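S.K.: If you read the protein sequences in the order shown, they are chains A and B.
Under the working numbering, read the first sequence as residues 1 to 194, first letter to last.
Under the working numbering, read the second sequence as residues 1001 to 1194, first letter to last.
2 protein chains.
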Amino acid sequence: MGKGELTRQTVLAAAAAIADRIGLSGLTIGTLANQVEMSKSGLFGHFRSKEALQLAVLAYARESFVDAVIRPAIAAPRGERRVRTLVDRWLAVCLERQAGCVFVSADTEFDDQPGPIRDQLVRDHRDLMESIAQMFRTGISEGEFRPDADPEQFAHDLYGVMLGFFHAHRLMRDPDAVGRTWRAVDALLANARI
Amino acid sequence: MGKGELTRQTVLAAAAAIADRIGLSGLTIGTLANQVEMSKSGLFGHFRSKEALQLAVLAYARESFVDAVIRPAIAAPRGERRVRTLVDRWLAVCLERQAGCVFVSADTEFDDQPGPIRDQLVRDHRDLMESIAQMFRTGISEGEFRPDADPEQFAHDLYGVMLGFFHAHRLMRDPDAVGRTWRAVDALLANARI
DNA sequence: GCATCTTCCGCACGATCGTTCGGCTCGTCA
DNA sequence: TGACGAGCCGAACGATCGTGCGGAAGATGC
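1) So which of B/Ile1018, B/Val1011, B/Glu1063 and B/Gln1054 has the shortest CA-CA distance to B/Ser1039?
2) Can you pull the chain A neighbours of B/Ser1039, defined as C-beta to C-beta under 9 Å?
3) Of the choices A/Ala14, A/Phe165, A/Ala184 and A/Asp150, whose alpha-carbon is the least far from that of A/Leu95?
4) Excluding the 5 residues preceding and the 5 following A/Pro147 in the sequence, name in chain order all residues of the same chain whose CB lies nearer than 6 Å to its CB.
5) Just checking: is the beta-carbon of A/Val87 within a distance shorter than 8 Å of some beta-carbon in chain B?
6) Below 8 Å on C-beta distance, what does B/Ala1196 contact in chain A?
7) Label B/Leu1006 either buried or exposed according to how many other C-beta atoms from any shown protein chain fall within 10 Å of its C-beta, with 16 as the threshold for buried.
8) Here's a check: name, in chain order, each residue in its chain whose Cβ is nearer than 6 Å to the Cβ of A/Phe145, leaving out the five neighbours to either side.
9) Look up A/Arg21 in the DSSP assignment and give the residues it is bridged to.
10) Going along chain A in order, which residues have a C-beta closer than 7 Å to the C-beta of B/Ala1187?
11) Quick one: Cα of B/Met1172 to Cα of A/Val122, how far?
12) Answer yes or no: does any C-beta atom of chain B fall closer than 8 Å to that of A/Gly143?
13) Give me the DSSP bridge partner(s) of A/Arg48.
14) Can the beta-carbon of B/Ile1029 be found closer than 8 Å to that of B/Phe1044?
15) Do we get a CB-CB distance below 8 Å when we pair B/Ser1131 with the residues of chain A?
16) Return the residue from the list B/His1169, B/His1156 and B/Ala1177 that minimises the CA-CA distance to A/Gly179.
17) Could you give the distance in angstroms between the alpha-carbon of A/Arg137 and the alpha-carbon of A/Pro151?
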């Protein structure tokens, strides 16, 4: 990895950390350059526009999410335990780095602003929903979930539960946010069980 | 109502409409002044800071929400029908004005930025949760819901379902967002019924 | 009908935004 | 050793941000 790519990774890590807290449009090149102790122009040279930087941050966050949440879930046994591993890693990744989720904030920031960033957010979420639905489908074929259950509806509902978690945890600082989330997931799974 | 208060209301209505789409921090005095065809300084005079403007927008949105969603629900018969009226009005108010919800976006924008705006958002959400929990409690005393059900958990879960709706509707433009939401609410109510 | 007070404007301020440009400092290779 | 390209910087750009000031209009009270 050349020196350019190295600092690029450093910048992206710092940018993702800022975007987790301030949001993707609140992320400014000045503050980011200040954070990594570089000049604005030196940093800017690595990306050729702010939009490209934002897209790079999204790609970075996506890879982090897949590594920390999706892959451990896929490594877990099929069916309910896989879904529970997914939620467990998802909650853990939000708790350990004391920050929100870039995607959750970016989704509300860009849902009314057409462009490549919005398009990417839509693609990412579609992929996530498809991953969850697929986990649910293997749970059906394993005989753990009811065959007449709707995998897409399950994915939608599970994501709603996670949105509720982020809200309770980040805004309300609810000390029982994790507990409430697990109770909601329990109910979702109980309704899906055979 | 004097002339000052009149234009103030006009400004607030336009500001709320903008904040619904762009968010509360994306709402800028320049664009707002341009929208209502006033000068920046003329508009600025009605509020004495941007933060005061944002708080006023939140108050305006809160009153609108109470009028359009909470009050119709309270006017409905106790128990499950009241909860369903709440959801119905909530969905309707988001569908008719083709826009998002100020609170949903503001919650993720300000969840990491301490100050009076965040404090107000926390208060507003606490009030909303208390209203929903209270509706659920009267449902229990009416004998419609299980006495051992947790009203606060129900409020939390219902809000998660609504967050899922906003996400599916605004970002994903899911044509079945309303359908998915009702199925999720049905499941929530089915689990709560006696 | 005049004095007063509110409402609103034009103008300007310092700060910060994203972005461009020219040049300096290196490591790399011929 | 000398040319070269990559990486980074300082300075500056036009635009826009939130915010003040001084003064016109217009409404209001006597």
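Beta carbons: idealized from backbone N, C-alpha and C, even for Gly.
Only a predicted model underlies this, so the values are computations on that prediction, with no experimental measurement involved.
M.R.: With the structure as the only source:
1) Taking the second sequence and counting its residues from 1, one reaches residue 1039 of chain B at position 39. Closest option to B/Ser1039, Cα to Cα, is B/Val1011.
2) By 1-based counting over the second sequence, the position of residue 1039 of chain B is 39. In chain order: nothing, as chain A lies at least about 27 Å away.
3) For the purposes of this step, residue 95 of chain A is taken as residue 95 along the first sequence, with counting starting at 1. Answer by Cα proximity: A/Phe165.
4) Residue mapping note: residue 147 of chain A aligns to position 147 of the first sequence, counting from 1. Here the set comprises Ile140.
5) As a position in the first sequence, residue 87 of chain A is number 87, starting the count at 1. So, not an interface residue.
6) Outside the modelled stretch of chain B, which goes from 1001 to 1194, sits residue 1196 of chain B, for which no answer is possible.
7) Taking the second sequence and counting its residues from 1, the one referred to as residue 1006 of chain B is at position 6. Answer is exposed; the Cβ neighbour count stays below 16.
8) The count along the first sequence starts at 1 and reaches residue 145 of chain A at position 145. The residues are Gly139 and Ala192.
9) Locating residue 21 of chain A in the first sequence gives position 21, where the first residue counts as 1. DSSP lists no partner for A/Arg21.
10) Counted from its first residue, the second sequence places residue 1187 of chain B at position 187. In chain order: Asn191.
11) What you label residue 1172 of chain B is simply residue 172 of the second sequence in a count that begins at 1. What you label residue 122 of chain A is simply residue 122 of the first sequence in a count that begins at 1. Going by the C-alpha atoms only, they are around 6 Å apart.
12) The count along the first sequence starts at 1 and reaches residue 143 of chain A at position 143. Output row for A/Gly143: interface = no.
13) As a working note, residue 48 of chain A is residue 48 in the first sequence. DSSP lists no partner for A/Arg48.
14) Counting from one through the second sequence, the residue named residue 1029 of chain B turns up at place 29. Counting from one through the second sequence, the residue named residue 1044 of chain B turns up at place 44. Yes, these two residues count as a Cβ contact at 8 Å.
15) Looking up residue 1131 of chain B in the second sequence gives position 131. So no, B/Ser1131 is outside the interface.
16) Counting from 1 along the first sequence, the entry for residue 179 of chain A is found at position 179. Comparing Cα positions, the closest option is B/His1156.
17) Residue numbering aside, residue 137 of chain A sits at position 137 when the first sequence is read from its first letter. Residue numbering aside, residue 151 of chain A sits at position 151 when the first sequence is read from its first letter. Distance between the alpha carbons of A/Arg137 and A/Pro151: 6 Å.
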